[in-house]
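In full-length UniProt numbering, the protein residues as written are 1 to 191.
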């Protein structure tokens with residue numbers, strides 16, 4: 001098994017490509033060791049001690065290191081944990097609930113529901129594939145029809161990335177405002 005690694009715009013996050021399906025569809029983020037208990041692989045990565053976040057995408061995973069950790073010391077144990085997991089045959093996730101999004105999916109009137117559908121369509125077809133290239137994900141959280149504000153949740157390498165606010169404002173906000181005129185602003189949901 002050959003596992004490729006790629007740097008991401010976030011220097012604290014490294015992207016790992018095991019050359020096979022990871023989650024297949026959707027995404028799953030583990031922000032604490034307790035959340036990581038739901039996945040044998042996430043648990044093994046958190047058990048290394050210097051891992052602070054794990055994110056599974058369709059065919060990749062990203063690992064966030066602690067600020068005092070150094071990639072040259074952490075990369076080999078992470079690669080070993082990934083290889084051990086995929087050769088063991090264990091399931092990736094123990095519970096069946098997949099975290100496909102952070103979608104709060106509020107109740108919207110008919111007009112707002114159409115706007116939300118357009119926003120989600122743009123996110124799924126244009127924005128999410130682009131940020132997945134950098135090991136991250138952006139998902140819809142909510143839309144405020146009165147103000148035109150869209151709230152999005154950034155995950156994986158995008159979470160805590162120094163350039164994430166620029167990506168959100170100059171890239172995502174401009175695209176949404178262009179294609180969905182009702183959108184006035186994009187904000188990041190934290191947590």
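C-beta: ideal position from N, C-alpha, C; glycine also.
Reduced DSSP secondary structure (H/G/I, E/B, other) of residue i
i           : result
residue 101 : At residue 101 the pLDDT is 47, less than 50, meaning the model places this residue with poor confidence and gives no usable figure here.
residue 138 : strand
residue 65  : strand
residue 25  : coil
residue 156 : strand
residue 90  : coil
Presumed contact (8 angstroms Cβ cut-off) between residue i and residue j, rounded CB distance
i           : j           : result
residue 200 : residue 127 : Given a span of 1 to 191 for the chain in the structure shown, any question on residue 200 remains unanswerable.
residue 38  : residue 94  : 5 angstroms
residue 17  : residue 3   : 7 angstroms
residue 27  : residue 155 : 6 angstroms
residue 149 : residue 185 : 5 angstroms
residue 75  : residue 8   : Not confirmed; about 14 angstroms, so no contact.
Burial state of residue i, where buried means 16 or more other Cβ atoms lie within 10 Å
i           : result
residue 139 : buried
residue 50  : buried
residue 1   : exposed
Residue j beta carbon less than 8 angstroms from that of residue i
i          : j          : result
residue 78 : residue 41 : no
residue 36 : residue 46 : yes
residue 62 : residue 12 : no
residue 15 : residue 86 : no
Beta-ladder partner(s) of residue i, from DSSP
i           : result
residue 54  : 30, 63
residue 185 : 149
residue 5   : 16
residue 143 : 150
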